[in-house]
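>
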Amino acid sequence: MSRKTAGKSREPGSSTNPDAAATSIRQSLQRMQKKIIASLAVYLILGLLWIFLSDQFLFIFWQDAATLRVLSVLKGTLFVLFSSLPFYLMLRQRHAFWQGAYNELDARESQAFRQAYLDALTRLPNRAYLEEAFRKHVLQAQDHARKAAVIYFDIDELREVNELCGYAAGDQLLRMTAAYLKSSVRPENLVVRLAFDEFVILVAPLSGTDEAVTAELNAYVERGWQQYQQQWRFKDHSFYLTASIGAALYPEHGHDLMSLLHNAETAMLTCKQANKNDYCLYSSQIQLQTGRRTEQLTLMRKALSEDQFRLYYQPQFDLKSGELRGLEALIRWQHPQRGLVSPGQFIPLAEASGLIVSINDWVIRAVSRQKKAWLEEQICPGVIAINVSSRRFCESNLEAQLLPILDGSQGLCQGLLEVEITETAMLEDPEEAIQIMGRLRDKGITFSLDDFGSGYASLNYLRRLPLDCVKIERQFVQSMLINKNDALIIRSIIDLAHNLGLIVIAEGVETAEQLNHLCTLGCDVGQGYHLGMPLPAEAITDLLREKKLVLQPARNTDSPTNTER
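Residue numbering for the sequence shown follows numbering that gives the first Met the number 0, starting at 0 and increasing by one per position.
(1) Beta carbon of Glu512, beta carbon of Leu480: below 7 Å?
(2) Assign Thr421 to buried or exposed, taking buried as 16 or more other Cβ atoms, counted over all protein chains shown, within 10 Å of its Cβ.
(3) Beta carbon of His136, beta carbon of Ala203: below 7 Å?
(4) List, from N- to C-terminal side, the alpha helix (DSSP H) runs of 4 residues or more that fit wholly inside the region 225 to 294.
(5) Should Met299 and Leu354 be called a contact, given that it needs their Cβ atoms to be closer than 7 Å?
(6) To the nearest angstrom, how far is the alpha carbon of Asn561 from that of Leu323?
(7) Quick one: grab the DSSP three-state call for Asn555.
(8) Please list, in chain order, all residues of the same chain as Ala167 whose beta carbon is under 6 Å from its beta carbon, the five residues on each side excluded.
(9) Could you check what DSSP says for Gly525 in three-state terms: helix, strand or coil?
(10) Does the count of Cβ pairs from the region 368 to 385 and the region 332 to 344 closer than 8 Å reach three?
(11) Which value, in whole angstroms, describes the spacing of the CA atoms of Tyr42 and Lys74?
(12) Look at Glu417 and Thr445 and say whether their C-beta atoms are less than 7 Å apart.
(13) Using CA atoms only, rank isn't needed, just tell me which of Leu123, Cys279 and Pro380 is closest to Ala242.
(14) If we call anything under 7 Å between Cβ atoms a contact, is Leu303 one with Ser389?
(15) Under three-state DSSP, which class holds Asn359?
(16) At the level of alpha carbons, what is the spacing between Ile488 and Asn482?
(17) Taking all protein chains shown into account, do 16 or more other C-beta atoms lie within 10 angstroms of the C-beta of Ile36, making it buried, or fewer, making it exposed?
(18) Taking the continuous beta strand (DSSP E) assigned at Lys146, which residues delimit it?
(19) Using the rule of at least 16 other Cβ atoms within 10 Å of the residue's Cβ for burial, across every protein chain shown, is Pro335 buried or exposed?
(20) Please check the pair Leu514 and His529, which I expect to be a contact at CB under 8 Å, by giving their CB distance rounded to whole angstroms.
(21) What is the residue span of the alpha helix (DSSP H) that Leu567 lies within?
(22) Using only the alpha-carbon positions, how far apart do Thr566 and Arg544 sit?
(23) Helix, strand or coil for Lys470? Go by DSSP, reduced to three states.
(24) With burial defined as no fewer than 16 other Cβ atoms inside 10 Å of the residue's Cβ, what is the status of Tyr281: buried or exposed?
(25) Assign Ser447 to one of three DSSP states: helix, strand, or coil.
(26) Under a three-way DSSP split, which group does Leu534 fall into?
(27) So, with DSSP's three-state summary, where would you put Glu509?
(28) Mind the definition here: the region 258 to 265 touches the region 227 to 243 only if three or more C-beta pairs lie below 8 Å; say whether that holds.
(29) Per DSSP, which residues does Arg192 bridge with? Please list them.
(30) Can you round the beta-carbon distance between Leu205 and Ala148 to whole angstroms, since I take them to be within the 8 Å contact cut?
(31) I'd like the list of long-range same chain contacts for Arg292, defined as Cβ closer than 7 Å, with 5 residues on each side in sequence excluded.
(32) In or out: Arg192 buried (at least 16 other Cβ within 10 Å) or exposed?
(33) Which same chain residues end up closer than 7 Å to Gln272 when comparing Cβ atoms and leaving out the 5 residues on each side of it in sequence?
(34) Using beta-carbon positions only, say whether Gly521 and Glu509 come within less than 7 Å of one another.
(35) Starting from the Cα of Leu499, find the closest Cα among Glu376, Ile471, Phe345 and Arg462 and give me that residue.
As structure tokens, then:
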């Protein structure tokens, strides 16, 4: 049941139709009336025959007038008694029929109401019911100069519960959430299941000044948000439940239900994209951000279709030998009007929207083409490192896309592909991620854990994952000379990684002092603007062809762009 279409009850009139039932009953009643009329006609004929024949019969056997009077009275009494019995039976049948008809109509109307206005899984009202209730509350709000609010409640964990434990667990979570929401609202408020993991609460009426109404609504939402955060168990699995909530006010944020629902959902999505487990009230600023987000997504999709993205390659050097270890492929957006756009300006939105999967696919195809071109020129760039997002990592066709990059000559440059992943790739399905890594590693692909030290479970992943390298997060490198704690963290990471047989790569090396300190600490590989800038494939190809990629500071010392990808 817990799928996107689950919970979307049918519209009124699409289920059992009470009018059709009434028509059927009316036809049955007409048949019964004809039967009664026929019975009355038979009764009349039989009555006349009884009177005529019985009088003739009495005159034959009895001539005494007194006896005839007594027998006539008895004959009339018997006639009334015996004729009343069929009428009584017909009346009982008619009463039973009408009672059954009324019960059937009530049952069919109740069934039609449930199918038209109630969600089948949670037994909460659905959208059709919400629309009617909203019209009533809006009219009441207009009459009494009061306000109303629409609260959009989205469960953060339902998809994970479905994938990990099955849809039966998801259904149970939905029913539990429905019961919680119903018990947490005032009797005059309405809780509705809109679709999948989305619920709506109609709060009305709200009265007072604008500031008082806003404060009351914020307190109401925050209370529900905090109380929902709890530990929830299904069999052997445990989940910490959270929700993303958005709210919109009538009439400030819309004069009709569609507008209010859209704006409340927009506020909810803003929270969900930021960090989940939060709530916010709709505002014009959110609307502006949403407009920019939509525009940016449209431009990125256009960039993919028109091949506006470019790959830059940043060298990585072995800090002990000074030789080139390899290149990291970094994406850039060559916008026709805005010029070169750094990844920090579009990667976060691509991650949040899911467009990162298509962007990752583009990067893999571009690296594959470039690797083939280098091999045709007998150029070996060393290890080529590719960032793979958490959304893309567990896709079923990832292996089929990566393996062609390994194909090529049988010389020194065979293979040498490295996939950089973050901890979030592990969080969604650790066991599946480990299996994928194992299969790819058997094919010759190595793995590096990116931004090591910035997550929550890095040590656990170092123990479990089939890794080859760890990359020290750039912020530690950039602050290690001024923050002793960061320097100690880097030393600990290097010692730990070496004890586990892993290579340590430091990114974000921007000064000679940082480089010298990393060498002193025993770091294996360095990457950063001090060692070599990210360059287009053509420029990197020229340097590789002329063998000019050696360990030396880059001439351009401009500060780096945002997050490299």
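Glycine included, each C-beta is placed from N, C-alpha and C at the ideal position.
A quick note: this is a predicted structure, and the numbers were derived from the prediction, not measured.
With the given structure in hand:
(1) For the purposes of this step, residue 512 is identified with residue 513 of the sequence shown, where counting begins at 1. For the purposes of this step, residue 480 is identified with residue 481 of the sequence shown, where counting begins at 1. Yes, the Cβ-Cβ distance between Glu512 and Leu480 is below 7 Å.
(2) Stepping through the sequence shown from its first residue, residue 421 is reached at position 422. Buried: at least 16 other Cβ atoms inside 10 Å.
(3) For the purposes of this step, residue 136 is taken as the residue at position 137 of the sequence shown. For the purposes of this step, residue 203 is taken as the residue at position 204 of the sequence shown. Cβ distance < 7 Å, so His136 and Ala203 count as in contact.
(4) 256 to 273
(5) For the purposes of this step, residue 299 is taken as residue 300 along the sequence shown, with counting starting at 1. For the purposes of this step, residue 354 is taken as residue 355 along the sequence shown, with counting starting at 1. Taking 7 Å as the Cβ cut-off, Met299 and Leu354 qualify as a contacting pair.
(6) Within the sequence shown, numbered from 1, the residue matching residue 561 stands at position 562. Within the sequence shown, numbered from 1, the residue matching residue 323 stands at position 324. Low per-residue confidence applies at Asn561: pLDDT is 44, beneath 50, and the placement is therefore not dependable, though the value from the model is reported in the following sentence. The alpha-carbon atoms of Asn561 and Leu323 are separated by roughly 24 Å.
(7) Within the sequence shown, numbered from 1, the residue matching residue 555 stands at position 556. In this predicted model, Asn555 has a pLDDT of only 41, less than 50, meaning its place in the structure is not dependable; the value taken from the coordinates is given anyway. Coil, per DSSP.
(8) On the sequence shown, residue 167 is found 168 positions in, with the first residue counted as 1. Around Ala167: no qualifying Cβ.
(9) Looking up residue 525 in the sequence shown gives position 526. Gly525: strand per DSSP, three-state reduction.
(10) no
(11) Here residue 42 refers to the residue found at position 43 of the sequence shown. Here residue 74 refers to the residue found at position 75 of the sequence shown. For Tyr42 and Lys74, the distance between alpha carbons rounds to 16 Å.
(12) Residue numbering aside, residue 417 sits at position 418 when the sequence shown is read from its first letter. Residue numbering aside, residue 445 sits at position 446 when the sequence shown is read from its first letter. Cβ atoms of Glu417 and Thr445: closer than 7 Å.
(13) For this step, residue 242 is matched to residue 243 along the sequence shown. With distances taken between Cα atoms, Ala242 lies closest to Cys279.
(14) Taking the sequence shown and counting its residues from 1, one reaches residue 303 at position 304. Taking the sequence shown and counting its residues from 1, one reaches residue 389 at position 390. Cβ distance not < 7 Å, so Leu303 and Ser389 don't count as in contact.
(15) Counting from 1 along the sequence shown, the entry for residue 359 is found at position 360. Three-state result, Asn359: helix.
(16) On the sequence shown, position 489 is the one that residue 488 refers to. On the sequence shown, position 483 is the one that residue 482 refers to. So the two alpha carbons sit approximately 10 Å from each other.
(17) Numbered from its first residue, the sequence shown carries residue 36 at position 37. Ile36 comes out exposed.
(18) As a position in the sequence shown, residue 146 is number 147, starting the count at 1. Residues Lys146 to Ile154.
(19) By 1-based counting over the sequence shown, the position of residue 335 is 336. Exposed.
(20) What you label residue 514 is simply residue 515 of the sequence shown in a count that begins at 1. What you label residue 529 is simply residue 530 of the sequence shown in a count that begins at 1. Sure, about 6 Å apart at Cβ, within 8 Å.
(21) Because the chain is modelled from 0 through 564, residue 567 falls outside the range shown and cannot be assessed.
(22) Residue 566 falls outside the range modelled here, since the chain spans only 0 to 564, and no answer is possible.
(23) Start at 1 with the first residue of the sequence shown, and residue 470 comes out as number 471. Strand at Lys470.
(24) Taking the first residue of the sequence shown as 1, we reach residue 281 at position 282. By the neighbour-count rule (16 or more Cβ atoms within 10 Å), Tyr281 is buried.
(25) Residue numbering aside, residue 447 sits at position 448 when the sequence shown is read from its first letter. Of the three classes helix, strand and coil, the one that applies to Ser447 here is strand, per DSSP.
(26) As a position in the sequence shown, residue 534 is number 535, starting the count at 1. In this structure, Leu534 counts as strand in the three-state DSSP scheme.
(27) Residue numbering aside, residue 509 sits at position 510 when the sequence shown is read from its first letter. Looking at Glu509 - three-state DSSP - the assignment turns out to be coil, as it is neither helix nor strand.
(28) no
(29) To locate residue 192, count along the sequence shown from 1; it is residue 193. Beta-bridge pairing links Arg192 to Phe198.
(30) Position 206 of the sequence shown holds residue 205. Position 149 of the sequence shown holds residue 148. The Cβ separation is near 6 Å, so the contact holds.
(31) Within the sequence shown, numbered from 1, the residue matching residue 292 stands at position 293. Excluding residues within five positions, the ones whose Cβ falls inside 7 Å are Leu348.
(32) In the sequence shown, residue 192 corresponds to position 193, counting from 1. It counts as buried.
(33) On the sequence shown, position 273 is the one that residue 272 refers to. Counting only Cβ-Cβ distances below 7 Å, and skipping sequence neighbours, we find Ala351.
(34) Residue mapping note: residue 521 aligns to position 522 of the sequence shown, counting from 1. Residue mapping note: residue 509 aligns to position 510 of the sequence shown, counting from 1. Contact: no.
(35) Position 500 of the sequence shown, counting from 1, holds the residue named residue 499. It is Arg462.
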